Amino acid sequence: MRYGVQQDHVIPVNRGSATRNADWPLVVLASSSGLTGLWLALHYPLGPWAMTTAFAAACFVFWRYPASWLVVVPALLPLIGFAHWTGWITFEEIDLLILAVATGGYARHSVSRARPDSSVARTPHPRGTGALAATVALRRHARSGPDLRDVRLVIGSGGVLRHADAFTARSVLLTALTDTAGGWALPREPAVVVDTDYVLAAAGLLADDHPAAALALLAPLSR
């Protein structure tokens, strides 16, 4: 039991109870991510025990150095696509990597909640988060979609891009557009712009009934 002071009144604050209540969601997230990753690793077609060991080691690394994923994940993205050899379609090596990041990160955060004086990187950099999200999304959806090699314009939308500076927003998109290990045909030389005015969603809603208005909204993005 500790006490907080507010305008000459002493107010009891039970920090231990609040901390314990706040820890459980993080423990559940870390446990579910870890168990899912272990299950996938044990069913990995190429050396399941080696993959299980690598997954456990990655969990420890991301627990010990929680901010390291900002460097490790972008660096490994072009190197860990083995679908041609494993035959995996629904799940991939990138899923194991992300689960390791989640397991180590949530476990470390649960410890930091129990020990508020511990130093943990709490807020990931939007550049790394946005690049990872865009890359995973394109790997998921562009493989079975139309041929994108002749795409001339790529429009990025979303809070991470709209609120970032021009260099960060462009680097997020270019990370995804140069993902040679993704198994999809990359656009050759597209122009890259950011929907800073957030008109892309509105244009999509207008496209069926008011196509002219939708095109007018999108016109500034194609200049």
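Each residue of the sequence shown is one higher than the one before, starting from -19 at the first, in this note's numbering.
Quick reminder that beta carbons are idealized off the backbone N, C-alpha and C, glycines included.
In this text the structure is predicted, and so the values were computed from the model without any measurement.
Query: CB of residue 11 within 7 Å of CB of residue 82, strictly; Result: no
Query: Contact belief for residue 78 with residue 57 at Cβ below 8 Å, rounded distance in angstroms; Result: At roughly 11 Å, the Cβ-Cβ gap does not stay under 8 Å, so residue 78 and residue 57 are not in contact.
Query: Continuous alpha helix (DSSP H) assignments of at least 4 residues falling wholly in the stretch 20 to 48; Result: 28 to 44
Query: Delimiting residues of the beta strand (DSSP E) encompassing residue 136; Result: 133 to 136
Query: DSSP three-state assignment for residue 171, whether helix, strand or coil; Result: strand
Query: Supposed contact pair residue 197 and residue 173 - C-beta distance, whole angstroms, cut 8 Å; Result: 14 Å between Cβ atoms; not a contact.
Query: Nearest neighbour of residue 6, chosen from 18, 25, 88 [CA to CA]; Result: 88
Query: Where residue 62 falls: helix, strand or coil (DSSP); Result: coil
Query: Host alpha helix (DSSP H) of residue 191 (start-end); Result: 191 to 198
Query: Nearest-angstrom Cα separation, counted from residue 144 out to residue 134; Result: 17 Å
Query: Short Cβ contact (7 Å threshold) for residue 191 with residue 132; Result: no
Query: Sequence-distant residues of its chain with Cβ nearer than 8 Å to residue 69 (five each side left out); Result: 63
Query: C-alpha gap between residue 80 and residue 54, whole angstroms; Result: 14 Å
Query: C-beta contact flag for residue 43 and residue 17 at 7 Å; Result: no
Query: Residue from 20, 140, 125, 164 whose Cα sits closest to the Cα of residue 76; Result: 20
Query: Nearest to residue 202 (by Cα), restricted to the options 61, 189, 175, 149; Result: 175
Query: Sequence-distant residues of its chain with Cβ nearer than 6 Å to residue 127 (five each side left out); Result: 165
Query: Best match in 182, 31, 51 for proximity to residue 155 [C-alpha to C-alpha]; Result: 51
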